[in-house]
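Have a look at the structure below, then the notes.
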Amino acid sequence: MSKVYLVGAGPGDEGLITVKGLRLIQKADYIIYDRLINYNLLNEKKSDAKLFYVGKEGMKSSWKQEEINNLLLKCASEEGKITLRLKGGDPLVFGRGSEEALFLKEHGIDSEIVPGISSSIGGLIYGGVPTTHREVSRSFHVFTGHTMDGPAELDWENLAKMEGTLIFLMAMSNIETIANKLIAAGKDPDTKAAFIYKATRSDQRRFITTLKDAYECKCNNDIKNPSVFVIGDVVQFADDIDFFAGRPLKDRTFILLRKKEFNQDFKDFLIDNKAEFLELETIKYTPIHDDDFDKALKNIEAYKYLILTSRNAVEFFFKRALELGIDFRRFYNIRIVSIGQKTMKDIETYGFKADYVSEKYTSDEMIKNITSKFEKGAQVLYPHSDKAKGNIRAALSDYDVDAFEIYKNSDEAYEKMYLEDKVYDIFFFSSSEVISFNKFYPELMSKARIYSIGPYTTKSIEALGYKVYKEAKVHDSEGMIDLVKEEINYEE
């Protein structure tokens, strides 16, 4: 039986989604998502899950609500499928989630709602503003600042008399009206107020003002949506409670393009420093099944050297060996060559140790200091990708080499996502990533700070006409992290 889940993704920080919401992303067959969700959440989806972007900005949208409803109905019509409607914040707080839930009920579709953290609460917290405080505010009230027909019509006299915290969402086009109406109804013009723009994101901004100066503050600072507008005495605690303002990497969004499994150390560093990042896996890696390679694995004792130059090569090599039931004890006579500490550690997860590791983590270094010292005439097994450079194969011309393409990388399955037009810090770990990202997002490449893992990747970047901002001194993930640490004078 099919089912639809209306899930709140929280105010922006990917870590603020509920455990249940994350599990449903991992199970869903169809995901219909909005603009304000954190796109990293979509990396948790199944490989065959279908994505639909129906994002809105202000009152503009390429999707009308009726069309979204019909899409929900279409996806839910497939027997046994799970459809996920992923919405920013909480699905029922001004997100039209209640309308969608009623629509599904009307059409006999089984549905369930998974709450999320609303920006009306979570957004304030990231700005240091509590919704309540025992001494100054024992209630909070959340309002929409905009309806389908324009400014929200509220009971301003009752609002002005409320002693609790007043919170307005989607209100940036009507701040002047809100402030004037409240003051005219008797609200103290000097009541503290604040704006929190892009709450929980890297470019979050908080502006402290008063009710009478709110419109001027909004105009002078060009405050736009998505922003939360809060009025009340709780704003006085903002500076003391604020934990987010001192983040060293604010205003920067890092783009990581490798497989998410390879980014964990980089992600941990960025999370620890309250930085925002996007994992965009534009390239998918898939195995290439080759009968001759299978024969080579079954005759593994014949080889003196095994060259594994990347983490992907390690993964696909050993996975295929396990699928064929190869006894790893038969590797006893083989010398394993790798490039980089991460590749070496991946090899160790299969119970092996690399005998030779290239110190500078480049194929040229490996050729110069390792493969040049191989025993003459020895048999060499070199499994690699379909995009591998030819320098290693050429350097092994004096040896009996069996080289196989055991996996391919392709961006054919990638669906371009809506990315905000701004300056990103983009980290390229391979030439393939450079070519693929430029194919989908050339407009972002032209203004980005571009980081390169090493000389070959740098050449690929420059060949496309772009300038490398920084190249890692040590050509691995730690070397890339060190570039950021240097910029913020990071101390362990």
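Residue numbers for the sequence shown follow full-length UniProt numbering, so the first one is 1 and each next one is one higher. Virtual Cβ for every residue (Gly too), placed ideally from N, Cα, C.
Three-way DSSP call (helix, strand, coil) for G58 in this model: Here the model assigns G58 a pLDDT of 43, short of 50, so the residue's position is not dependable and the matter cannot be decided.
Coil, strand or helix - A193 by DSSP: strand
Reduced DSSP category for G97 - H, G, I as helix; E, B as strand; rest coil: helix
Rounded straight-line distance, which links the Cα of K46 to that of K60: Only weak support is given to the placement of K60: the predicted model assigns it a pLDDT of 49, under 50, and the question is left unresolved by the model.
CB contact flag (D239, S137, <8 Å): no
Segment contact flag, the region 304-318 with the region 391-409, C-beta cutoff 8 Å, min 3 pairs: yes
M1, buried or exposed, once every other Cβ within 10 Å from all chains shown has been counted against 16: exposed
Length of the line joining the Cα atoms of A199 and F244: 10 Å
Three-state class that DSSP yields for F266 in the structure shown: helix
Nonlocal neighbours in the same chain, by C-beta distance under 8 Å from L72, ignoring five residues either side: V4, I32, T83, R85, E100, F103, L104, I109
Closest residue to R320 among K345, D291, R335, K342 (Cα-Cα distance): D291
CB-CB length for I231 against A193, believed under 8 Å: 5 Å
Three or more C-beta pairs below 8 Å linking the region 454-474 and the region 255-264: no
Pairwise C-alpha distance: L322 and S62: 48 Å
Buried versus exposed, by CB contacts within 10 Å (16 or more), residue 493: With the chain covering only 1 through 492, there is no way to say anything about residue 493.
Assumed close pair T282, F440 - CB separation to whole angstroms, cut-off 8 Å: 6 Å
Pair within 8 Å by beta-carbon distance, Y407 and F316: yes
Under 8 Å between C-beta atoms of I117 and L16: yes
Identified DSSP bridge partners for S137: H133
Simplified DSSP state of L419, which is helix, strand or coil: coil
For L86, the three-state DSSP class (helix, strand or coil): strand
Terminal residues of the alpha helix (DSSP H) in which S363 lies: 363-369
One or two residues paired with F254 in a DSSP bridge: F277, D425
Distance between beta carbons of A378 and Y399, contact taken as under 8 Å: 6 Å
Boundaries of the beta strand (DSSP E) in which P383 is found, first to last residue: 379-385
Cα-Cα separation between R329 and K368, rounded to whole angstroms: 30 Å
G475 versus K485, S460, G340, N438, residue with shortest Cα-Cα distance: Here the sequence assigns His to residue 475, which means Gly is not the residue at that position. Cα-wise, what sits closest to H475 is G340.
Straight-line gap, N273 to L41 (C-alpha atoms, nearest Å): 19 Å
Residues that DSSP places opposite D400 in a beta bridge: Q379
Distance between beta carbons of E412 and D386, contact taken as under 8 Å: Going by Cβ atoms, the distance from D386 to E412 rounds to 13 Å, so no, they are not a contact pair.
Secondary structure of S436, DSSP reduced to three states: helix
Range covered by the beta strand (DSSP E) that runs through K3: 3-8
Classification of V380 by the beta-carbon crowding that lies within 10 angstroms, buried from 16 upward: buried
Local conformation of S338 per DSSP, three classes: strand
Any non-hydrogen atom of the ligand GDP within 7 Å of I336 CB: This structure lacks the ligand GDP, and indeed carries no ligand of any kind.
Closest Cα partner of D425 within the set D346, E157, N70, R252: R252
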